[in-house]
Amino acid sequence: LHMLLPQHRAARAALLALRPDIVHANDWPALVAADAAKRETGARIVYDSHELASEEHADNRLWRLVAQRHTRAIEAGFIHRADAIITVSDGISRTLQDLYDLPEPPLVVRNALAYRTVTPAPLAEPLRLLFHGIMKGGRGIEALIGAMPVLPQFRLTLRGDGAPAYLAKLRARVAELGVGARVAFEPAVPHDEVVAAAASSHIGVFCAPIETRHNRFAMPNKVYEYLMAGLAVLVTEGTDLAALVQEHACGLTATASTPEAIATALRALSLSALGEMRANALAAAPRLSWDEERVRLIGLYDRFAPIDRAQRVG
C-alpha cells in the first residue's frame, strides 16, 4: 500500500537515480525509499525519527483505525535496516529501543535552532503569555484560553496559522468567555523573526495533554525558541519537557493540561521567581541550540564518511 502513492514511488526513483552514499531518512515514510537505495547501492541509512511515529496521532480515533497499523508496520519492517537512528528526546529514544528491541538507544539530537540573541521584554505587568506555532487541536490551546477568565493580570498572544474553522472555534470560545480584550490572535511570522517576535512576551506555554506517549515525550522546537527569547516556559508535568525545564530551572509546570491546572500554576508565580526563570532561560539557550546539537550529528556522520575538519562547512 505504501508504494501505491505516487510521491513515494517518485521519491524512490529519484533516490535510486541519485545513488547516494548516505540517506538521511526524515521520519518513517522515508524508510522504504532509503531501504531501496541501500539494496541497490549499499548506501548507509540514518533514520531521523522526529516523532514517536507509532503514536503520533493516537488521540485521533480515525487515525488509530486507519493509519496506525500501517505506520507501525513500516517502521518495524525497516528500522533494523538503518545504520544509525536519531531522535529528538530521551523518551522517544527509550521507547523506540523497547518497541523494536534495538541493540542501543537511538542518539538524541534536539530539534533546536541556531543560537541568536534578542532583547527580552522588561518584566512588568500585565504579564504576557505566548503560544506560537501551528494552531490545531491536541496542543492545549483550548485549555490555555479557558484559564484566562481567572488570570486578569495576564495577556495572551496566540501567534500562528491554522485551519479557518479551528481558528473560528477558538475565537468563539474567547468571545464566550468574555476575554477578547486580553487575548490576541496573530498570524505566523517568517522563520527568522520567530525569536524576536517571541521576545515581546514573558512566558511561553506548551501544555499539551499527556494521554499519549507521543505528547509526553515530544520536544517541539518552540520551547527552544521561547528560551532563546528570554521567556520562562510553562509545560505539563510528567513530560520530557518538564524534565528539561526543571533541569535548567527555566520555567514552571502545570499538573495537567486543564484550565484549572494552568491557572493554578500561573497564579502561584511571583515576579521575582519569574525574573529568575527568565534569566535561567537565557543562560540555558546557548546550550540548547543547534550550535551544540550539530556536534552530535556531525560526529555521527564522521563514523560513516570521515571528513578532514578543515574541509567542513555549516
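Mapping of the sequence shown onto this note's numbering: position 41 corresponds to residue 223, and the numbering continues sequentially without gaps.
In this text, a Cβ means the ideal position worked out from N, Cα and C, and glycines have one as well.
These numbers come from a predicted model, not from an experiment.
The beta strand (DSSP E) enclosing residue i, as first and last residue numbers
i: Gly386; result: 385–388
i: Leu311; result: 309–314
i: Val205; result: 204–208
Where residue i sits in the DSSP three-state scheme
i: Asp230; result: strand
i: Gly273; result: helix
i: Asn501; result: In the structure as shown, the chain begins at 183 and stops at 496. Residue 501 is therefore absent and cannot be evaluated.
i: Asn293; result: coil
i: Ala225; result: coil
i: Ile256; result: helix
i: Ala219; result: helix
i: Ala306; result: coil
i: Ala235; result: helix
i: Ile268; result: strand
i: Arg298; result: coil
i: Asp280; result: helix
i: Pro287; result: coil
i: Leu183; result: coil
i: Ile392; result: coil
i: Ala249; result: coil
Cut-off 6 Å between Cβ atoms - residues of its own chain near residue i, not counting five sequence neighbours on either side
i: Gln279; result: Pro287
i: Trp472; result: Ala294, Leu295, Ala296
i: Gln250; result: none
i: Ala215; result: Ala193, Arg194, Leu197
i: Arg460; result: Gly412, Ala414
i: Leu359; result: Pro331
i: Arg201; result: Thr223
i: Ile151; result: Since the first residue shown for the chain is 183 and the last is 496, residue 151 is missing from the structure and cannot be characterised.
i: Arg305; result: At residue 305 the sequence reads Leu, which differs from the Arg that was named. Result list for Leu305: Gly457, in chain order.
Element boundaries [alpha helix (DSSP H), containing residue i]
i: Asn242; result: No alpha helix (DSSP H) contains Asn242, which DSSP labels as neither H nor E.
i: Thr418; result: Segment 414–418 is the beta strand (DSSP E) holding Thr418; no alpha helix (DSSP H) there.
i: Glu407; result: 403–410
i: Arg191; result: 188–200
Chain B contact for residue i (CB, 7 Å cutoff)
i: Glu324; result: Given the protein chain composition of this structure (a single chain), no chain B is represented.
Own chain partners of residue i with C-beta closer than 8 Å, once the 5 adjacent residues on each side are dropped
i: His190; result: His184, Pro211, Val214, Ala215
i: Val499; result: The shown model of the chain, from 183 to 496, leaves out residue 499, and the question about it has no answer.
i: Asn403; result: Asn293, Ala294, Leu295
i: Arg556; result: Nothing about residue 556 can be read from this structure; the chain reaches only from 183 to 496.
i: Arg276; result: Pro287
i: Asn208; result: Asp230, His232
Cβ-based neighbour list, residue i, same chain, cut-off 7 Å, excluding 5 preceding and 5 following
i: Trp245; result: His239
i: Val387; result: Leu311, Leu312, Phe313, Leu326, Leu416
i: Leu470; result: Arg292, Ala294, Tyr406, Leu409
i: Ile489; result: Because Ile489 carries a pLDDT of 45, less than 50, the predicted location of this residue cannot be relied on, and no value is offered for it.
i: Ile274; result: Ser231, Leu234, Phe399
i: Leu361; result: It should be pointed out that residue 361 corresponds to Val in this sequence rather than to Leu. Correct list, in chain order: Met330, Pro331.
i: Cys389; result: Gly322, Ala325, Leu326, Leu416, Val417, Thr418, Ala436, Ser439, Ile444
i: His430; result: Asn462, Ala466
Tell me the start and end of each unbroken alpha helix (DSSP H) in the segment 430–484 that is at least 4 residues and wholly inside, in chain order.
-> 441–449, 453–466
Continuous alpha helix (DSSP H) assignments of at least 4 residues falling wholly in the segment 315–383 | 323–329, 346–359, 376–380
So does the segment 313–320 actually touch the segment 335–354, counting three or more Cβ pairs closer than 8 Å?
-> yes
Any contact of the segment 253–260 with the segment 406–425, i.e. 3+ C-beta pairs under 8 Å?
-> no
Indicate whether the contact test is met: 3 or more Cβ pairs, each with one atom in the segment 229–248 and one in the segment 394–406, closer than 8 Å.
-> In short, these stretches touch, since the Cβ pair count reaches three.
Take every Cβ of the segment 440–450, pair it with every Cβ of the segment 325–342, and state whether three or more of those distances are shorter than 8 Å.
-> By the Cβ criterion, the segment 440–450 is in contact with the segment 325–342, since at least three pairs of Cβ atoms, one from each stretch, lie closer than 8 Å.
Check whether the segment 371–383 touches the segment 400–411, taking contact to mean three or more Cβ pairs, one atom from each stretch, closer than 8 Å.
-> yes
Should the segment 346–360 be called in touch with the segment 456–466, which here means at least 3 C-beta pairs below 8 Å?
-> no
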